[in-house]
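This report refers to the structure that appears directly beneath it.
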Amino acid sequence: MRLSTLASDISDALGVVLEVPSNLPDESVIARWLSEPVVCLRLRTDLFLTNSKGFPVLPRSHQHLLRRFFKLNVQLLLVGACRHDQGFVCYQKYLMWLWKNQGEPDIYEQQSKGFEDQLQEPLQPLRDNLSSTTYSIFEMDPYKYDAYEKAIYLALVHRARKTSESALPNGPTPEVVGDKPTSVCQVIMVLGAGRGPLVNAALNASEKAACPVRIYVVEKNPNALFTLQDRMTHEWRGLDVHLVSGDMRQLNMPEKADIFVSELLGSFGDNELSPECLDGAQPYLKADGISIPSSYTSYVAPLQSLQFHNETKRSRDPTSCSRINSAHDTPFVVRLTNCQILSEPQPVFTFVHPKPDPRESNSRFATCTFLMEHDAVVHGLAGYFEATLFGDVTLSTHPRRHSPQMVSWFPFVFPVDHPIFVHSGERLTVSMWRAVSSRHVWYEWAFTEPRPTRIFNSAGHANKISL
Numbered sequence: 001m002r003l004s005t006l007a008s009d010i011s012d013a014l015g016v017v018l019e020v021p022s023n024l025p026d027e028s029v030i031a032r033w034l035s036e037p038v039v040c041l042r043l044r045t046d047l048f049l050t051n052s053k054g055f056p057v058l059p060r061s062h063q064h065l066l067r068r069f070f071k072l073n074v075q076l077l078l079v080g081a082c083r084h085d086q087g088f089v090c091y092q093k094y095l096m097w098l099w100k101n102q103g104e105p106d107i108y109e110q111q112s113k114g115f116e117d118q119l120q121e122p123l124q125p126l127r128d129n130l131s132s133t134t135y136s137i138f139e140m141d142p143y144k145y146d147a148y149e150k151a152i153y154l155a156l157v158h159r160a161r162k163t164s165e166s167a168l169p170n171g172p173t174p175e176v177v178g179d180k181p182t183s184v185c186q187v188i189m190v191l192g193a194g195r196g197p198l199v200n201a202a203l204n205a206s207e208k209a210a211c212p213v214r215i216y217v218v219e220k221n222p223n224a225l226f227t228l229q230d231r232m233t234h235e236w237r238g239l240d241v242h243l244v245s246g247d248m249r250q251l252n253m254p255e256k257a258d259i260f261v262s263e264l265l266g267s268f269g270d271n272e273l274s275p276e277c278l279d280g281a282q283p284y285l286k287a288d289g290i291s292i293p294s295s296y297t298s299y300v301a302p303l304q305s306l307q308f309h310n311e312t313k314r315s316r317d318p319t320s321c322s323r324i325n326s327a328h329d330t331p332f333v334v335r336l337t338n339c340q341i342l343s344e345p346q347p348v349f350t351f352v353h354p355k356p357d358p359r360e361s362n363s364r365f366a367t368c369t370f371l372m373e374h375d376a377v378v379h380g381l382a383g384y385f386e387a388t389l390f391g392d393v394t395l396s397t398h399p400r401r402h403s404p405q406m407v408s409w410f411p412f413v414f415p416v417d418h419p420i421f422v423h424s425g426e427r428l429t430v431s432m433w434r435a436v437s438s439r440h441v442w443y444e445w446a447f448t449e450p451r452p453t454r455i456f457n458s459a460g461h462a463n464k465i466s467l
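Going by this note's numbering, the final residue of the sequence shown carries number 467, and the count climbs one at a time with no gaps.
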């Protein structure tokens, strides 16, 4: 890493050929190299064993190592004396077999193919009208909508049971409170409905819960409204579904909702302004109403990735990415591949809905301290989130608790302008701000240990999220 720092002007063209030893190092060393610009693995012929059919094979530990580096599209360099009668071609065939038999990619890998380590500007749905193509990508996430349907079902059962209990002078009885149908209609407002997948989730949940619902579909995006109007005419015709065109923060509704349902979460949880949107709509939620999601928390962890650092340096040219003034002061959405997460993610900002005190500010401040277990170089912070929809139904991008096969969100990454060298046993401390003005929201971040840095994106000079 000292070499890459000294060669900073050419480091994005610097690649590493890694010698694979017979005795592999421990996991921390391997993980470190998976965050470096390794372009080739050098394999000696004496690493290979001979199987029962007389062909060369690698030990299982080495096979696993190669498959991990294959995700970085490394080349293989075979060196040493040929130890088999058929010549080097038998080694080549075996290595090609390993490459072809990496296993079928999961849904997350399939959907993110081609986006590995690319910087993407975070979406701003409040400012920009998303395209149908963007909606179609989001709708290809079966886990997310299954989770929402389950959460809405549980919320409907909870509301129906609560209504039955309040209607009885002597409290609930098993004959009334349970899975029996209820005639009490529950009002659901789908806020920021997009093209309507959450409406279908609510209708399915209503049928399963045997609970009638009235659904208000709230959307401001003309691109999505066209699809919603078509679905109102055909798919939802005759159902108690009503389309409301406009900003959810400026509602004028005939009644209040029992349940809010929204999918306003970004890669860092609150970065698409879910708190501000739901706060604006909260006057139309009943005092005992339910919000889905009910809470969400963002997380950060120190990140080592020379690839990401080089990409941010290349993005300093303002023509390379719209609306980005300073790449090192701008958070990005990145499908992290050539990287290492250096410590367990820690919680940063938490929001709860409905908000207990509507006067409470959505600005936040947090400090996180990480104890480094190994020498490393920090190139930024990787951001994640966890959300509770209702009850025990959750969505998570936390690396250890990632919701299975959920593909809607890549990590949210905060860069630094200069790599931060840390040693084993040192403390890495970062301060983070979520700042709010009348027109914008923005993040600021700064490291205070082991050495202080400047405050990145101070006063939102490089990146702001429009309200």
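Here a beta-carbon is modelled for each residue, glycine too, at the ideal position from N, C-alpha and C.
Per the coordinates, the alpha-carbon of N223 lies some 48 Å from the alpha-carbon of S28.
Under a 10 Å Cβ-count criterion, K113 is classified as exposed, with fewer than 16 other Cβ atoms of the shown protein chains found around its own Cβ.
Spatial neighbours of S408 in its own chain (CB-CB distance under 7 Å, excluding positions within 5 residues in sequence) are listed in chain order as F138, D141 and K144. For S326, the closest alpha carbon among the candidates L336, T312, C339 and E109 is that of T312. The three-state reading of DSSP puts K286 in strand, counting E and B together.
Here A209 is buried, its C-beta having at least 16 other C-beta atoms within 10 Å. For F390, there is no enclosing alpha helix (DSSP H); the residue is part of the beta strand (DSSP E) that begins and ends at A376 to F390. Counting C-beta pairs closer than 8 Å gives fewer than three between the region 351-369 and the region 52-64, which falls short of the contact rule. Assigned with DSSP and collapsed to three states, V89 falls in helix.
For S305, same chain residues with a beta-carbon under 8 Å away, outside a window of 5 residues either side, are S35, D117, L336, N338, C339, Q340, H379 and G380 in chain order. For D258, the uninterrupted beta strand (DSSP E) run begins and ends at A257 to S262, by DSSP. DSSP places H62 in the helix class (H, G or I) of the three-state scheme. Within the same chain, Cβ atoms closer than 7 Å to the Cβ of W33 are found at L18, the five residues on either side in sequence being excluded. The count of Cβ pairs closer than 8 Å, one atom from the region 213-229 and one from the region 185-195, reaches three, so the stretches are in contact. Secondary structure of V29 (DSSP, three-state): helix. Taking 8 Å as the upper bound for CB-CB distance, D258 and G289 are in contact here, some 6 Å apart.
Taking the Cβ atoms as the reference, L265 lies roughly 6 Å from S274, within the contact range of under 8 Å. Assigned with DSSP and collapsed to three states, L14 falls in coil, not helix or strand. In this structure, T448 lies away from V422, with their beta-carbon atoms at least 9 Å apart. F349 sits away from P302, with the two beta carbons spaced by 9 Å or more.
In the structure shown, the three-state DSSP call for C277 is helix.
When DSSP assignments are scanned along the region 72-140, the uninterrupted stretches of alpha helix (DSSP H) that are 4 or more residues long and fall wholly within it turn out to be 89-100, 107-111 and 132-138.
Between the C-alpha atoms of N23 and L47 there is a straight-line separation of about 9 Å.
Shown here for R67: same chain residues with a beta carbon closer than 6 Å to its own, the five before and five after excluded, namely Q102 in chain order. The shortest C-alpha to C-alpha distance from V413 to any of S396, H158 and W445 is the one to W445.
Distance from the CA atom of Q124 to the CA atom of R159, rounded to whole angstroms, is 33 Å.
Comparing alpha carbon positions, the residue from S424, L130 and Y153 closest to K220 is L130. Separation of the CB atoms of R44 and G80 is rounded to 4 Å, and the pair is thereby assigned contact status at 8 Å. Here A435 is bridged, per DSSP, to W442. One Cα belongs to G391, the other to S295, and the distance between them is close to 11 Å. It is roughly 13 Å from the alpha-carbon of M96 to the alpha-carbon of L78. For H242, DSSP records a beta bridge to Y216. Apart from sequence neighbours up to five positions away, the residues of its chain that approach V241 with a beta-carbon distance below 6 Å are I215, ordered along the chain.
It is roughly 12 Å from the alpha-carbon of Q63 to the alpha-carbon of L41.
Counting only residues of its own chain and dropping the five nearest sequence neighbours on each side, Y299 has a CB closer than 8 Å to the CB of P345, Q346, P347, V348, G383, Y384, F385, E386 and H398. Comparing alpha carbon positions, the residue from P293, H309 and W433 closest to P419 is H309.
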